[in-house]
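The block underneath contains the structure these notes are about, expressed in structure tokens.
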Amino acid sequence: MKKDPIKMFYDTRKDRLKFPSVNMPYFNEMMIKMMAEDYEYNFDMLGRPIIQMPQDIVAMQEIIWSVKPDLIIETGIAHGGSLIFSASMLAMLDYCDAVEQGCVLDPSKSKRKVLGLDIDIRAHNRAAIEAHPLSHKIDMIEGSSIDEGIIKQVHEIAKGYEKVLVCLDSNHTHDHVLAELNAYAPLVSVGSYCAVFDTVVEDMPAEMFPDRPWGPGDNPKTAVWEYLKNHPEFEIDQSIQNKLLITVAPDGYLKRIS
Ligand SMILES: C[S@@+](CC[C@H](N)C(=O)[O-])C[C@H]1O[C@@H](n2cnc3c(N)ncnc32)[C@H](O)[C@@H]1O
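Under this note's numbering, the first residue of the sequence shown is numbered 19, with each subsequent residue one higher.
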């Protein structure tokens, strides 16, 4: 029987991504140098600064395309680049649905939304996000992501959606991220992801974070490890970090499997 070339391509890739690259220590050295130079601050997403590495943006593109969420919850807005990215992906899903269904797309009728939380939405950032053509797909709430009232509000909003994806990128201390995981990971739909950013802090030298409350031993990766001890419904999707090599989220792409 003739082999399906597309299946062969994906099977080969799947095999390649089962294990970390043998060059991993080399990439870790690169990460230390890149983070020391604030490399992740170098990029814009559709006109707004995004504090991410391009590799992680591509990973999120793959995740959003495969999950096709109708709600993306993000903690940590900053300049709004990641909100705009998520909004653009949801807009693309709307566009593709319209093409497949052969109907005219009315962006104002789309149900898909991004919900951003930040303890301090600076006035100039809010104004720029609200002025963006994709702002109709974005709602923002100001307050701490671990405040009880905010958590309640988010859970209330999430009731109106079917497929939820969560991205955690706010305060990077162990306790804060663990509290965020407890608050928002339960909202993640089966088959969807909770992306926990800046887990890479665990792999960086302590002196890299002199003026931050987080560092090796106290960061999003230690929070993920702690959370996973009691939450078998999530597993780390190792294939993502194995493919990215350069990522701020090693052990941070959590897939909900049950
Ligand atoms: C790394 S930035 C977010 C970057 C953004 N996700 C992006 O990719 O462009 C972190 C943000 O988290 C916010 N933050 C810090 N503590 C927070 C908290 N307790 N609750 C919500 N947001 C918080 C900060 O105000 C800051 O804007």
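Ideal Cβ placement from N, Cα and C applies to all residues, glycine included.
Exercise. Residue range of the beta strand (DSSP E) that T217 falls in?
Worked result: Unbroken run through T217: none, as it is neither H nor E.
For this session: Could you check what DSSP says for D221 in three-state terms: helix, strand or coil?
Result: Note: D221 maps to helix in three-state DSSP.
Problem set entry | Buried/exposed call for V149, threshold 16 Cβ in 10 Å | What sits at residue 149 in the sequence shown is Ala, not Val. Counting Cβ neighbours within 10 Å, A149 comes out exposed, since fewer than 16 surround it.
Problem set entry | Residue environment, F37, which counts as buried when at least 16 other CB atoms sit within 10 Å | Exposed, since its Cβ has fewer than 16 Cβ neighbours within 10 Å.
Exercise. In chain order, what are the residues with a CB under 5 angstroms from some non-hydrogen atom of ligand 1?
Worked result: Taken from the N-terminal end onward, the list reads I68, I69, Q70, G94, A96, G99, S100, D136, I137, D138, S162, S163, D187, S188 and N189.
Exercise. Below 7 angstroms between beta carbons: does that hold for G94 and I147?
Worked result: No, the pair does not count as a contact, with Cβ atoms beyond the cut-off.
Problem set entry | Segment limits, alpha helix (DSSP H) that includes L101 | In the DSSP annotation of this structure, the continuous segment of the alpha helix (DSSP H) that includes L101 starts and ends at G99 to Q119.
Exercise. Using DSSP with H/G/I as helix, E/B as strand and the rest coil, what is T30?
Worked result: In the three-state reduction of the DSSP assignment, T30 falls in the helix class, which pools H, G and I.
Exercise. By a C-beta neighbour count over all protein chains shown, 10 Å radius and 16 as the cutoff for buried, is M71 buried or exposed?
Worked result: M71 comes out buried.
For this session: Please work out which residues of its chain come closer than 8 angstroms, Cβ to Cβ, to F45, disregarding the five sequence neighbours upstream and downstream, and give them in chain order.
Result: The residues are S39, L263 and I264.
Problem set entry | Cβ neighbours of R66 in the same chain (closer than 6 angstroms, five flanking residues each side left out) | H97, G98, G99 and I102, listed in sequence order.
Exercise. Is M226 helix, strand or coil when you go by DSSP?
Worked result: Under the three-state reduction of DSSP, M226 is assigned to helix.
Exercise. Are the region 199–217 and the region 244–255 touching, with three or more C-beta to C-beta distances below 8 angstroms?
Worked result: With the cut-off at 8 angstroms, the region 199–217 and the region 244–255 touch.
For this session: Could you check if Q259 is buried or exposed, using at least 16 other CB atoms within 10 Å of its CB as the buried criterion?
Result: Its Cβ being crowded by 16 or more others within 10 Å, Q259 is buried.
Problem set entry | Supposed close pair H192, A241 - CB separation, criterion 8 angstroms | 5 angstroms between Cβ atoms; contact.
Problem set entry | Minimum C-alpha distance to D236 - residue among S207, V219 and Y245 | Nearest C-alpha to D236 among S207, V219 and Y245: V219.
For this session: Please specify which runs of the beta strand (DSSP E), each continuous and at least 3 residues long, are wholly inside the region 153–211, giving them in chain order.
Result: As far as the region 153–211 is concerned, its whole beta strand (DSSP E) runs of at least 3 residues are 156–160 and 182–186.
For this session: Return yes when the Cβ of I159 is within less than 7 angstroms of the Cβ of L183, no when it is not.
Result: No, they are not a contact pair.
Exercise. With 16 other CB atoms within 10 Å as the buried threshold, where does I275 fall?
Worked result: By the 10 Å Cβ count, I275 comes out exposed.
Exercise. From V206 to H142, what does the alpha carbon distance come to, in whole angstroms?
Worked result: A straight-line Cα-Cα distance of about 31 angstroms links V206 and H142.
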